[in-house]
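Engineer:
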Amino acid sequence: MRIKITAILSLLFLFFSCKHSEQLPPQSNQYAEGFTVVEHATYQELVVLNPFNHYQTVLERYYLIKEDTISTPDNGIRLKVPITNIGISSATHAGFLKELDAINIVSATTHPKDIFTPLPENAKIISDGMQIHTERTIRSGISALMLSLYNENDKQTQLFRQAGLTLLYNHEWYEQTPLARAEWIKFFGALLDKQTEADSIFEQVKHDYLKYQQLVKDSVRRKKSILTGSSFMGTWYLPTSATYMGRLLIDAGATFYNDKNTTNASLPFTFEKVLLHYKDADVWLGCEAKDKQQLLEKDERNAWFKAYKTNQTYNFYKRRTTYTNEDGGTIVGGNDFWETGVAHPELVLCDIIKVLYPNLLPEYELFFTEKLD
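So, in structure tokens, the structure goes:
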């Protein structure tokens, strides 16, 4: 009897294993793990994988068609391309659309003042502060909404689907490496029927990124140490080697306290712990301050860092927007670091290399980065 039960369980395991593997299409990308594009005779199959279980299940399938008469399987969403009317919920979406000359299709967005790229004047606001507003979104007239998934079966998602909205799941922010995030331009290329353009842009990005990465490997003999970011409400989040920023720092030839830690998340530090491990860092990059005086106003102890004393403090404020609020004060808006910077990590890499080893790129001018006065 025990043998029979074991045999049955083994067969069930094999059945579900085969079924599970059949649901996952072949990966078409070089770096990005969160989606893949499968070519069929008359349509494309755009598959988004679930990042919250290591991309082991399909989150959504989109069958991209150019004619309504084209037949597709019934286990996914039929979507006519190119899409011409969309709502976006992240600045990175605007960055990729801009790269493909398609920013004009944005008809709604959640936080327009947080986006650096100019949007169409008639783009509607579909948020009520921090949250996507359900009724505003449904009434906005958009046919598709690009967003990240946090709960597939929440009430708002169900209402959007009932209203006929196509939900386009985008998780480029979950990718661990700069080139993986940049490769999501192919996701947009498929939706816009601009795959050739998207492929060409990414191949140039990859070529340039790897070229500068190799330049560092061939040229740097003594690596400089680096501190990044700033304390936020008493906590300082610092990258590991497995994070997006950590990978950029390593590829630029920097060393830092967690550069051997493979945890895929920035780690929280107290100010005292940061001071212990980063006090003598050669460079401080990504300061949340416009100048050194503001850095001191935030915390006088910032003056204890070597990088502050040697004028090696930098922010990513060079390409950001500001606007005036109702009280006449100046408010910081969008930052192109999170738009062009995601689509073009080779520019971020060059900025970091220039800050660390200026002689390696003598003709290069910082694109996103400013030195604090």
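69 is the number that numbering that gives the first Met the number 0 gives to position 70 of the sequence shown; each next residue is one higher, with no gaps. All C-beta atoms in this analysis are idealised placements derived from N, C-alpha and C, irrespective of residue type, glycine included.
1. Residues bridged to residue 52 by DSSP?
2. In the DSSP assignment, what are the bridge partners of residue 60?
3. Quick one: using the 10 Å Cβ neighbour count with 16 as the cut-off for buried, is residue 48 buried or exposed?
4. Which residue comes first and which comes last in the alpha helix (DSSP H) that contains residue 373?
5. Quick check on the burial criterion: 16 or more other C-beta atoms within 10 angstroms. Buried or exposed for residue 232?
6. Taking the continuous beta strand (DSSP E) assigned at residue 97, which residues delimit it?
7. Given this structure, state the Cα-to-Cα distance separating residue 369 from residue 107, to the nearest angstrom.
8. Among the residues of its own chain, which have a CB less than 8 Å from the CB of residue 162, if the five just before and after it don't count?
9. Can you tell me whether residue 340 is helix, strand or coil according to DSSP?
10. Residues in the same chain with beta-carbon distance under 7 Å from residue 132, minus the five sequence neighbours each way, listed in chain order, please.
11. Restricting to Cα atoms, I'd like to know which of 62, 355, 134, 224 is closest to residue 277.
12. Can you tell me the Cα-Cα spacing of residue 212 and residue 269, whole angstroms?
13. Roughly how many angstroms lie between the CA atoms of residue 175 and residue 243, to the nearest whole one?
14. By how many angstroms is the C-alpha of residue 306 removed from the C-alpha of residue 289?
15. What would DSSP say about residue 364, mapped onto helix, strand or coil?
16. Whose CA, out of 293, 257, 248, lies closest to the CA of residue 348?
17. Have a look at residue 20 and residue 45 and give me their C-alpha separation to the nearest angstrom.
18. Given 8 Å as the limit, is there contact between the segment 154–172 and the segment 181–199, that is, 3 or more CB pairs closer than that?
19. Return helix, strand or coil for residue 355, following the three-state DSSP convention.
20. Quick one: what's got a C-beta closer than 7 Å to residue 365's C-beta in the same chain, skipping five residues either side?
21. Under the DSSP definition of a beta bridge, which residues are partnered with residue 254?
22. Name the DSSP bridge partner or partners of residue 107?
23. Could you give the residue range of the beta strand (DSSP E) that holds residue 282?
24. Just to confirm the assignment: which complete alpha helix (DSSP H) runs, minimum length 4, are found wholly within the segment 234–316?
Structural biologist: Walking through what the data contain:
1. In the DSSP output, where bridge partners are listed per residue, residue 52 has none listed.
2. In DSSP, residue 60 forms a bridge with 46.
3. buried
4. Outside the displayed range of the chain (0 to 372) lies residue 373, so it cannot be described from this structure.
5. A residue is called buried once 16 or more other Cβ atoms fall within 10 Å of its Cβ, and residue 232, having fewer, is exposed.
6. Element bounds for residue 97: not the beta strand (DSSP E) but the alpha helix (DSSP H), 90–98.
7. 32 Å
8. 137
9. helix
10. 125, 126
11. If we check each option's Cα against that of residue 277, 224 comes out closest.
12. 32 Å
13. C-alpha separation (whole angstroms): 5 Å.
14. 16 Å
15. Here residue 364 sits in coil by DSSP.
16. When only C-alpha atoms are compared, the closest one is 248.
17. Residue placement at residue 20 cannot be trusted, given a pLDDT of 42 that sits under 50; the coordinates are not used to answer.
18. Segment contact: the segment 154–172 against the segment 181–199, three or more CB-CB distances shorter than 8 Å; contact assigned.
19. helix
20. 317, 350, 353
21. 224
22. 86, 123
23. In this chain, the beta strand (DSSP E) harbouring residue 282 covers 282–284.
24. 243–250, 270–277, 291–297, 305–308
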